[in-house]
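*Asks:* Attaching a single structure in structure tokens format; questions to follow.
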Amino acid sequence: MKYAMANGDITFNPMQAVTFQKVARKKRRALTEEEQQRFFERIDLPEFEPYKDFFLLEYYFGLRPWELKDVRFEGDFLIALNAKHEEDGEPVYKKIPIPAQLKARIDTTKKIVCKHRTDVINRIFKRIMQDEEVTQYFLRHTFSTTCQQYVRPDIVDIWMGDSSERLVGRVYTHFPDKFLREQMNLVQFYA
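Residue numbers for the sequence shown follow our numbering, so the first one is 639 and each next one is one higher.
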């Protein structure tokens, strides 16, 4: 439309006449310490065993729910689809160091397969938390909040799959694996 307007083919953008309704978004937050305690007490219950790995990946890596569809472990890192970014039409993957606390809770040699829809997983998460107001996105907020207490925000941006708005962070910064591993070692998760 902008091109047609610039060439004089049309005098106004007809899309401006269309009113779009914004989706109402619930305010999200990090889990409190008490909620994290409840999460770790209940995640080990037998009824949640088939879903446990998914929620642990969201908690320890800040993954978006739909990023669970394409994750794998490579050495000391989790490789996950970055659902918000593409380069030249190709998917982009993020590489996040595996936190030491997770290594005791999950087998990083097995393949992670998530065949469940996001809404199904979210209902299960609400049962784990015994709270209808929380969503699995709270785990992403918890990851970010926890990490930023120990490492620089630009490092957390990389792990979250967000790019710094500054040109330096977006284009020129490429941290080595060893440095990112050392940074993750500084983070102290609840459990």
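Glycine included, C-beta positions come from ideal geometry on N, C-alpha and C.
Would residue 823 and residue 738 be called neighbours here (beta carbons separated by less than 8 Å)?
*Replies:* A contact, by the Cβ cut-off of 8 Å.
*Asks:* Tell me where the beta strand (DSSP E) around residue 711 begins and ends.
*Replies:* Unbroken beta strand (DSSP E) run through residue 711: 709-712.
*Asks:* Quick check on DSSP: helix, strand or coil for residue 729?
*Replies:* Strand, per DSSP.
*Asks:* With respect to the alpha helix (DSSP H) encompassing residue 779, which residues constitute its N-terminal and C-terminal limits?
*Replies:* 775-786 is the span of the alpha helix (DSSP H), which, as asked, contains residue 779.
*Asks:* Going by CA-CA distance only, name the one from 643, 692, 742, 776 that's closest to residue 753.
*Replies:* Checked all of 643, 692, 742, 776; the closest Cα to residue 753 is 692.
*Asks:* Across which residues does DSSP place residue 735 in a beta bridge pair?
*Replies:* Per DSSP, 715.
*Asks:* Cα separation between residue 677 and residue 749?
*Replies:* Distance between the alpha carbons of residue 677 and residue 749 is about 23 Å.
*Asks:* Who are the near neighbours of residue 744 in its chain, counting only those whose CB is closer than 7 Å to its CB and skipping five residues on each side?
*Replies:* Excluding sequence neighbours, residue 744 sits near 691, 694.
*Asks:* Report all residues from its chain with a CB closer than 6 Å to the CB of residue 711; omit the five preceding and five following residues, and keep chain order.
*Replies:* The residues are 746.
*Asks:* Given a cut-off of 8 Å, decide if residue 780 and residue 697 are closer than it, judged by their beta-carbon atoms.
*Replies:* Yes, Cβ-Cβ distance for residue 697 and residue 780 is below 8 Å.
*Asks:* By DSSP's criteria, residue 771 is part of a beta bridge. Which residues make up the other side?
*Replies:* The partner list for residue 771 (beta bridge, DSSP) is empty, contrary to what the question assumes.
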